[in-house]
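Note sheet for the following structure.
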Amino acid sequence: EAITDFAFNLGLAFQVTDDILDVVGDTREMGKSQGSDAKLNKATFPAILGMNESCNYVRQLVEKAKDALKNINLAHTEPLCNLADFIVARRS
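Here the numbering used here is used: the first residue of the sequence shown is 23, the next is one more, and so on.
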């Protein structure tokens, strides 16, 4: 269950970050046109929650993902925590 919680929260954090980057990301780094989601009228997290709340939500999701790892008895969860931290810091 802990790994499922980690994966769910990490996956959602990745999607929210992707939606944020569609608004503020560099087209050259992302490999797709900035604002392409808005042009397609997609329901994105920034469109629904706003940019600030979406950024806060990503941080909350990453913390929940990392907290889920505390509940399991795995010796080497550091790479998974690093992956979660990367989600918040990614730019493309």
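Quick reminder that beta carbons are idealized off the backbone N, C-alpha and C, glycines included. Quick caveat, the model's predicted, so the values are computed rather than measured.
CB-CB length for residue i against residue j, believed under 8 Å
i, j, result
"T39", "I109", "6 Å"
"A35", "L105", "Not a contact, Cβ separation roughly 10 Å."
C-beta atoms of residue i and residue j nearer than 8 Å
i, j, result
"D27", "S76", "no"
"A87", "N31", "yes"
Neighbourhood of residue i by C-beta distance below 8 Å, restricted to the same chain and skipping five residues each side
i, result
"R81", "V110"
"R112", "T39, L43"
"L71", "Y79"
Sequence-distant residues of its chain with Cβ nearer than 7 Å to residue i (five each side left out)
i, result
"T99", "L91"
"L102", "F28, L91"
Beta-carbon contacts of residue i that lie in its chain and below 6 Å, excluding the five residues immediately before and after
i, result
"A24", "A90, N93, I94"
Segment contact, 8 Å Cβ cut-off, at least three pairs: the stretch 93 to 107 with the stretch 54 to 62: No, the stretch 93 to 107 is not in contact with the stretch 54 to 62.
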